[in-house]
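Step one of this worksheet: look at the structure below.
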Amino acid sequence: MSVNLKEKREIQNFVELLAFSTVSSFYPTAVLKYANATSLESVFEYLLRLVEEGELKLKWELKCSNEELICARKIIKVDNKEDIIDNEFNCDICGNTFLASYYNLFPTFEITPEYRELVRGDFKKKQDLRLDKGKFRGKIREVAQVVAKDGISGNIPYGDLPPQIQVNIDKVLQQIVMSGDGFLNNEGRTIHIGGNVNGNPNLNNGDDVVQVNQVKSDESDKLFAELLKEISEKSNESNKAQLEYFAEKLKEAYEKNDTEEGSKMVKFIQGSLGNIGSLASIASFFGMTL
Ligand SMILES: [Zn+2]
105 MSVNLKEKRE
115 IQNFVELLAF
125 STVSSFYPTA
135 VLKYANATSL
145 ESVFEYLLRL
155 VEEGELKLKW
165 ELKCSNEELI
175 CARKIIKVDN
185 KEDIIDNEFN
195 CDICGNTFLA
205 SYYNLFPTFE
215 ITPEYRELVR
225 GDFKKKQDLR
235 LDKGKFRGKI
245 REVAQVVAKD
255 GISGNIPYGD
265 LPPQIQVNID
275 KVLQQIVMSG
285 DGFLNNEGRT
295 IHIGGNVNGN
305 PNLNNGDDVV
315 QVNQVKSDES
325 DKLFAELLKE
335 ISEKSNESNK
345 AQLEYFAEKL
355 KEAYEKNDTE
365 EGSKMVKFIQ
375 GSLGNIGSLA
385 SIASFFGMTL
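According to the working numbering, the sequence shown holds residues 105 to 394 in order.
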């Protein structure tokens with residue numbers, strides 16, 4: 105099974121538009137949604153082909169797997185999953201210590217800098233075609249929003265993917281290693297984390313502005329409920345109503361994927377209450393590290 109012509113065109117549009125955005129990575133499910141495609145397997149197959157062709161790069165995102173505290177903190181991103189599998193990690197947000205496994209490792213795709221440059225260069229050449237810039241920006245925003253929304257519910261760890269997709273991923277990565285184009289050797293191929301990344305929160309924070317949200321919506325509801333609880337416990341009579349208002353605005357910003365407004369509200373609440381637990385998790389939805 106492979107993607108049809110229309111899906112292929114849409115996937116190409118997705119990647120090209122994304123190359124103009126500040127989004128650094130996406131999950132395959134975002135592509136599935138954008139292209140209105142039906143088969144995750146086919147979408148994966150096509151994305152893996154783009155990896156082979158050098159347009160995309162596959163990376164592995166390790167997320168905290170503390171189900172009790174509903175934490176989904178991004179801990180680290182690596183090129184090779186086998187480098188960290190079974191290694192022990194610590195989450196700086198919830199304090200969870202856990203082992204990297206196929207169930208907390210998520211395949212994500214990044215546009216390679218080379219391809220990004222090519223796409224942007226092509227665009228400059230086409231500028232005399234009198235493109236509607238406003239409309240074009242709107243399209244870029246649309247793609248970025250699909251990626252951001254997808255992070256709420258869409259991401260699937262390697263271990264939960266259909267076996268055929270797992271096989272395809274491993275096959276393509278194997279080919280790339282064997283073809284020796286330096287793909288995996290350029291950066292991080294021999295990453296050795298001493299089993300613990302606690303106290304080094306910068307590891308999981310790239311230079312991306314629009315970060316992908318990581319938490320299922322019912323889980324985010326719980327986090328916002330937790331935030332309100334913490335506000336009522338830790339605020340005083342004079343600032344309680346104000347903080348509750350900020351929390352409400354924060355939730356709205358989260359629902360609308362409004363990073364700017366969200367970051368502002370996080371800072372307001374942080375200014376009054378410091379780094380309370382639920383706020384740190386919510387902040388990470390907006391790509392912030394408290
Ligand atoms: Zn955690």
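Glycine residues also receive a C-beta, built at the ideal position from the N, C-alpha and C atoms. Remember, it's a predicted structure, so these values are computed and weren't measured experimentally.
The three-state secondary structure of residue 214, taken from DSSP, is strand. Straight-line measurement puts the Cα of residue 133 at about 21 angstroms from the Cα of residue 363.
For residue 182, the uninterrupted beta strand (DSSP E) run begins and ends at 178 to 182, by DSSP. Selection around ligand 1 by beta-carbon proximity, strictly under 5 angstroms to any non-hydrogen atom, yields 168, 170, 175, 177, 195, 197, 198, 200 in chain order. Counting only the Cα atoms, residue 332 lies some 31 angstroms from residue 245. At a Cβ-Cβ threshold of 8 angstroms, residue 198 and residue 166 do not count as neighbours.
Secondary structure of residue 361 (DSSP, three-state): coil. In this structure, DSSP gives residue 222 a helical state, which the three-state scheme calls helix. Between residue 121 and residue 276, the gap from beta carbon to beta carbon reaches 8 angstroms or more.
Sorting 370, 375, 376 by C-alpha distance to the C-alpha of residue 385 places 370 at the top. CA-CA distance, residue 201 to residue 175, rounds to 12 angstroms. Between residue 326 and the set 189, 356, 382, the nearest pair of CA atoms involves 382. Scanning its chain for C-beta atoms nearer than 6 angstroms, with the 5 sequence neighbours on each side dropped, one finds around residue 372 the residues 350, in chain order.
Judged by their CB atoms, residue 280 and residue 211 are not nearer to each other than the 8 angstroms cut-off. For residue 208, the three-state secondary structure derived from DSSP is coil. From the listed residues 124, 341, 108, the smallest Cα separation to residue 222 is found for 124. In the DSSP assignment, residue 160 is bridged to 215.
One thing to note: residue 151 has its Cβ within 8 angstroms of the Cβ of residue 213.
In this structure, residue 163 lies away from residue 205, with their beta-carbon atoms at least 8 angstroms apart. Contact check for residue 219 and residue 158: beta-carbon distance about 7 angstroms, within the 8 angstroms limit, so the pair qualifies. With at least 16 other beta carbons inside 10 angstroms of its own, residue 111 counts as buried. Under the DSSP assignment, residue 120 falls in the alpha helix (DSSP H) whose first and last residues are 109 to 122.
By the criterion of a C-beta distance shorter than 6 angstroms, residue 188 is surrounded in its chain by 182, 204, once the five residues flanking it on both sides are discounted.
Residue 357 and residue 107 have their C-alpha atoms some 35 angstroms from each other. Going by DSSP, residue 130 is part of no beta strand (DSSP E) at all; its letter is neither H nor E.
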